[in-house]
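Numbering (my numbering), first residue to last: 199 to 493.
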């Protein structure tokens, strides 16, 4: 059975995140496997899994910054805002200039309000939006604040057929947790008056974990490798070395003195290098959030 830690997987296309978790459970020979943020089936790239005690990290890793390479198609909407949905209105985008594309992208950069896709896991009146969408019911989703710290156009191509011209836009995006790249494609197309949807998506980074560290499922089947728990915590969060007395207190779930490292989470390490917990600073104390080695 695999030890506690993190596995960084390069998810293949047409696999759900649940499919990857199920496969990894077999490879790691443990049921305790979870993921830090889903990828849609059509998407590929970095999917971070927690193994054993590493599952306790997942809720905190989910909140970290993410990076993507994407392709947006201007000139066609879909009911899911991506290529897996039913086609909607087709509009000839031949009049959309490169300058206009860059302008639309600039307007979607920074701190913005974003409406999630109809096919999303957001709950409305206790029901997931995608479940309502499957029944043909459109729900009102409220705009939410997200941060798109970088939205860079890397290529623009025009594809013409008998119905007119599409404009395909390749882009690199760095954004906060909760940002939908599908919604960026939809909103860019709407701003340009021709509609748009996402045709390709590859996640290149989740927090500190990128494609250079990722392994395919085939590679993991040959040799199961993972990032040990202590190393995973040190890579993702600020670290604090504890004294023996502080280690004892934290293992019992007790508070210790705060630090000047920001709110956190902060990884707490015993004198021998073992990772003991994740904690956060409050006004006058530091409080454990997750204790990996309770007393």
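Glycine is no exception: its CB is placed at the ideal position from the N, C-alpha and C atoms.
Just so it is clear, the structure is predicted and the values come from calculations on it, not from any experiment.
Within the same chain, show all residues whose beta-carbon is closer than 7 Å to that of residue i, passing over the 5 residues directly before and after it, in chain order.
i           : result
residue 223 : 229 and 231
residue 403 : 244, 264 and 265
residue 490 : 251, 254, 427, 473, 474 and 475
residue 432 : 465
residue 203 : 249, 252, 424, 425, 426, 427 and 430
residue 310 : 344 and 346
residue 354 : 296, 299, 365 and 367
residue 409 : 208, 243, 244 and 402
With distances taken between CB atoms, is the gap from residue i to residue j smaller than 7 Å?
i           : j           : result
residue 235 : residue 214 : no
residue 453 : residue 485 : yes
residue 463 : residue 440 : no
residue 418 : residue 280 : no
residue 361 : residue 405 : no
residue 314 : residue 378 : yes
Could you please give the first and the last residue of the uninterrupted alpha helix (DSSP H) stretch that includes residue i?
i           : result
residue 209 : Counting along the chain, residue 209 falls outside any alpha helix (DSSP H), though it belongs to the beta strand (DSSP E) covering 203-209.
residue 383 : 379-389
residue 417 : 415-420
residue 224 : 215-226
residue 445 : 442-449
residue 433 : 427-434
residue 304 : 296-305
Ignore the nearest five residues each way along the sequence and tell me which others in residue i's own chain have a CB closer than 8 Å to its CB.
i           : result
residue 272 : 291, 294, 299, 364, 365, 366, 367, 386, 387, 390, 392, 393 and 394
residue 459 : 436, 438 and 479
residue 210 : 242, 414 and 415
In the DSSP assignment, what are the bridge partners of residue i?
i           : result
residue 457 : In DSSP, residue 457 forms no bridge with anything.
residue 486 : 477
residue 239 : Answer is none; residue 239 lacks a bridge partner.
residue 439 : 467
residue 251 : Looking at the DSSP assignment, residue 251 forms no beta bridge with any residue, so it has no partner.
residue 274 : 288
residue 245 : 207
residue 312 : 342
residue 269 : 368 and 398
residue 408 : 403
Short of 6 Å in beta carbon distance, which residues of its chain neighbour residue i, apart from the five on each side in sequence? Order them along the chain.
i           : result
residue 493 : 449 and 450
residue 208 : 412 and 414
residue 307 : 346 and 349
residue 302 : 386, 389 and 390
residue 239 : 212 and 214
Using 8 Å for Cβ pairs, my map puts residue i next to residue j. What's the rounded Cβ distance?
i           : j           : result
residue 274 : residue 285 : 6 Å
residue 344 : residue 312 : 5 Å
residue 369 : residue 241 : That belief does not hold up - the Cβ atoms of residue 369 and residue 241 are roughly 14 Å apart, past 8 Å.
residue 247 : residue 422 : In fact, because the Cβ distance is near 12 Å, the residues do not count as touching under 8 Å.
residue 342 : residue 237 : Contact flag wrong, Cβ pair sits at about 20 Å.
residue 375 : residue 457 : Rounded, the Cβ-Cβ distance is 24 Å, inconsistent with contact.
residue 371 : residue 382 : 7 Å
residue 443 : residue 469 : Not quite, the Cβ-Cβ distance comes to about 10 Å (not below 8 Å), so this is no contact.
Could you pull the start and end residues of the beta strand (DSSP E) that residue i belongs to?
i           : result
residue 395 : 394-404
residue 257 : Counting along the chain, residue 257 falls outside any beta strand (DSSP E), though it belongs to the alpha helix (DSSP H) covering 256-259.
residue 234 : Unbroken run through residue 234: none, as it is neither H nor E.
residue 346 : 342-359
residue 369 : 362-373
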